[in-house]
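Novice:
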Amino acid sequence: MKKHGDHTRIRKGGILHWSTLCLLASSSVGLISCDSETTYTATAEDAKMAKLQQSLDAFESRKSQLMNGLVEHNFELEGLGFYHAEAKDFFTYRYGQEKDGKWFANGEWLDTEPARCAASVSHPSADALSKIEQLLEREQALATESNGQSNGSNPTATHHHHNHGMGGMGTMLMMYWMLSGNRSGYMPGAGFRNAQANQQGWQQNVNQQRQMVNAHAAANPAYNRLVQQSKASGAPVTQGSSVRGGFGTSNRNRSTWGS
Amino acid sequence: MQRVEESGLVWHGNSTDAYWNENEHLVFTLEAAETLEAAANELHALCLDACEQIIRRDLWHKLGIPEDLQSMIYTSWGCQDFSLYGRFDLSWDGTGTPKLLEYNADTPTSLLEAAVIQWDWLKDCYPQSDQLNSLHEALIARWASLPDPLIHLACAWELPEDRQTIAYLAETAEQAGKQVQLMDMSEIGFSPSGRFTDTQEREIDRLFKLYPWEWVVQETFFAAIGQERSRFIEPAWKMLLSNKAILPLLWELNPGHPLLLPATRTRDELLSIGTTQWVEKPIFGREGGGITLYDRNSIVAKGLGESESTDMIYQQRAPMFQANAKHFVWGLWMVDDNCCALSARGDSSPITGNMSRFHPHRIE
């Protein structure tokens, strides 16, 4: 008759151990692991909404930092470039970008790769704030022009900036927050004053986009699952990837336990 | 309870209705354990022979397998697609020979408690005793025989006991040097290039599914399986054995075999051979669902769960081992072609259901 060996059989920290901890943790807070939306295929609208949701999440997570006047290292502001936290200014290239054997950092091309930037955030210099203010003024003028409106606050306005996935109003709002958080660091001009008048409308526009995502999620319960999968895997929700949901539709309320 | 939870058994029941029950354990002589082990090995050989007969003699109608499934099962059997494990349920009261109640060939559970929890109990409580149990090592060795470096394991994710079963199997696969990926069945994708994929778009080379074939064949992706058939564990040919209509066929192919109970597709056939106590079972079912016990046309007991099929088989009842007002069914675990472990489930009802207690055993 065959018998077990005496070696350790279940590894501490192994996959079964991990699964057990997940289950015990879930049961203690009354959670069930997966939703039951099983028959679902990602649509083009899902992909679009997931991208917008990602942008909104990133945008909202930066709000309080920007309103306190702090800008993240290597933050990209279309029209000005990348923010280098040590130099407290925006430049065309990302900090540490390599080109032709040289590396860019704090406004200079270096012969050796720069050390990791010591600061993760900083307050922009007066020069940088002035650049933001000028850009904000130009952006508002462009928005007004493209919409034939005088104040640029139309929430349905489209804009040429899409680096944050929400249109130009999101970008303008972020610039306004940066300037608001650093009022003592520069002399506010026309750009800031107009933005002060328009920012409520911009915020409404962002809120409407959030409502649109929420409405989509409510109407398509499996959408949340797609977004969670995307967050877990790091891969974006895309149309045209594998179709899912073709298995797992039978008798989900029954266990195979005891069989 | 903390000890069994630490080992992974998180569905051990509550204080009034304990699934894991070590207060009552079974003690076997070596001879008795070896009797059950030998019975399982012989029954496995009978089952494989039955598969061969079905294919060679075109006996599909005996199992009610539709034509569109036959070619896939035929190919799966012909290619001897990889099989991992299964569990025979036997009755035996210690006299005569053990009898086959059914073969859980496709999605057997209670694996973790059979392989690990009862072994831990033995080490903790009776370190000098023995146990019929090499399940863990056998699973590792079986995984190691596969060439694939990555194994995907899927189940209905919201069921904790199923998740733990595949997590335990993943543990054994990892100990065999494999990478593993656990997933929900619904997360399996089908790519434009005709391959099943995981959520990271990796192609699935081997998929262990704790998900019955009779469910798979009703689902959308079944039509896409085609050349991917051989990647599924348990294999498609296990549909021949997990279907309880195999019981009458086994009896027909091996009439009077000492390890088999008389079984037929109709009640009248069984009555015509003088049977007075019998069991009616749906050809597909779990947890005792749809099972009814009869004694001369009177119902003695009825399974609590739902029946998954209206197609029934009829099997003569066998005497079960009884102790402390419980009826015991012996689980004999097969890995590849070898019996590797014994487990025991006990219930006050003669029908084993999903809350029948798991009792550890030892050999003296």
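In order, the protein sequence lines correspond to chains A and B.
Add 1005 to the 1-based position in the first sequence for my numbering, that's all there is to it.
Add 13 to the 1-based position in the second sequence for my numbering, that's all there is to it.
Glycine included, each C-beta is placed from N, C-alpha and C at the ideal position.
1. I'd like to know whether the C-beta of T955/A is nearer than 8 Å to at least one C-beta of chain B.
2. Terminal residues of the continuous alpha helix (DSSP H) containing Y1181/A?
3. Shorter than 8 Å from the beta carbon of F41/B to some beta carbon of chain A?
4. For L263/B and Q329/B, I'd like the C-alpha separation in whole angstroms.
5. Given a threshold of 16 other Cβ atoms within 10 Å of its Cβ, counted over all protein chains shown, does T1112/A qualify as buried or as exposed?
6. Any beta-carbon of chain B closer than 8 Å to the one on G1018/A?
7. So, is V1232/A buried or exposed, given that buried needs 16 or more other C-beta atoms within 10 angstroms?
8. With 8 Å set as the bound, which would you pick, yes or no: does the beta-carbon of W1262/A sit closer than that to a beta-carbon of chain B?
9. Looking only at its chain, what residues have a beta carbon closer than 6 Å to the beta carbon of K251/B, apart from the 5 residues adjacent to it on each side?
10. Is it right to say G239/B is buried, meaning 16 or more other beta carbons lie within 10 angstroms of its own, or is it exposed?
11. How far does the alpha helix (DSSP H) with S1069/A in it extend, from its first residue to its last?
12. Buried or exposed for P295/B, going by 16 or more other Cβ atoms inside 10 Å?
13. Are any of the Cβ atoms in chain A nearer than 8 Å to that of V313/B?
14. Please confirm if V1034/A has its CB atom under 8 Å from at least one CB of chain B.
15. Give a yes or no on contact between the region 65-84 of chain B and the region 369-376 of chain B, applying the rule of three or more CB pairs nearer than 8 Å.
16. Would you report the Cα separation of E55/B and N1229/A, rounded to the nearest angstrom?
17. With DSSP as the reference, label Y98/B as helix, strand or coil.
18. Going by DSSP, which residues form a beta bridge with F378/B?
19. List, in chain order, every chain A residue whose beta-carbon is nearer than 9 Å to that of A183/B.
20. Taking 8 Å as the CB-CB cut-off, is S1247/A touching chain B?
21. Less than 8 Å between C-beta atoms, sequence neighbours within five positions excluded: which residues of the same chain meet that for T178/B?
22. Which value, in whole angstroms, describes the spacing of the CA atoms of L103/B and Q335/B?
23. When the Cα atoms are used, what is the spatial distance from D218/B to Q231/B?
24. Is it true that the CB of W226/B sits closer than 8 Å to the CB of S255/B?
25. Quick check: is the beta carbon of R242/B nearer than 8 Å to any beta carbon in chain A?
26. Pull up the CB-CB distance for G1253/A and D197/B, whole angstroms please, since I reckon it's below 8 Å.
27. Which of the three DSSP states, helix, strand or coil, is assigned to W1207/A?
28. Using a Cβ-Cβ cut-off of 8 Å, state whether E214/B counts as contacting chain A.
29. In this structure, does DSSP put Q83/B in helix, strand or coil?
30. Take the Cβ of S1125/A as the centre, count every other Cβ of all protein chains shown within 10 Å, and call the residue buried at 16 or more, exposed below.
Specialist: If we stick to the structure as given:
1. Nothing about residue 955/A can be reported from this structure: the residues present for chain A run from 1006 to 1264 only.
2. The continuous alpha helix (DSSP H) containing Y1181/A extends over residues G1173 to S1185.
3. For F41/B, the answer is no, since every Cβ of chain A falls outside 8 Å of its Cβ.
4. Cα to Cα, the separation comes out at about 13 Å.
5. According to the sequence as given, residue 1112/A is Gly; it is not Thr. Its Cβ having fewer than 16 others within 10 Å, G1112/A is exposed.
6. No, no contact with chain B.
7. Classification of V1232/A: buried, given that the 10 Å Cβ count is 16 or more.
8. Confidence at W1262/A is low in this model, with a pLDDT of 40, below 50, so its placement is unreliable and no value can be given for it.
9. If we look at K251/B and ignore the five residues flanking it on each side, its Cβ neighbours are A118 and D119.
10. By the 16-neighbour rule on beta-carbons within 10 angstroms, G239/B is exposed.
11. A1049 to M1072 is the span of the alpha helix (DSSP H), which, as asked, contains S1069/A.
12. Answer is buried; the Cβ neighbour count reaches 16.
13. No, its Cβ sits nowhere closer than 8 Å to a Cβ of chain A.
14. Only weak support is given to the placement of V1034/A: the predicted model assigns it a pLDDT of 34, under 50, and the question is left unresolved by the model.
15. No, the region 65-84 of chain B is not in contact with the region 369-376 of chain B.
16. Their backbone Cα atoms lie some 51 Å apart in a straight line.
17. Looking at Y98/B - three-state DSSP - the assignment turns out to be strand.
18. For residue 378/B there is no data in the structure shown, the boundaries of chain B being 14 and 377.
19. Ordered by position in chain A, the residues that pass the 9 Å Cβ test against A183/B are G1019, I1020, L1021 and S1024.
20. Output row for S1247/A: interface = yes.
21. So the list reads T122, L124, L125, C168 and L223, once near-sequence residues are dropped.
22. Each residue's Cα considered, the two are about 14 Å apart.
23. Whole-angstrom Cα-Cα distance: 22 Å.
24. Judged by beta-carbon spacing, W226/B lies within the 8 Å limit of S255/B, meaning their Cβ atoms are closer than that value.
25. Chain A contact via Cβ: absent.
26. At roughly 6 Å, the Cβ-Cβ gap stays under 8 Å, so G1253/A and D197/B are in contact.
27. Here W1207/A sits in helix by DSSP.
28. Yes, because at least one Cβ of chain A sits closer than 8 Å to the Cβ of E214/B.
29. Of the three classes helix, strand and coil, the one that applies to Q83/B here is helix, per DSSP.
30. Exposed, because fewer than 16 other Cβ atoms sit within 10 Å of the Cβ of S1125/A.
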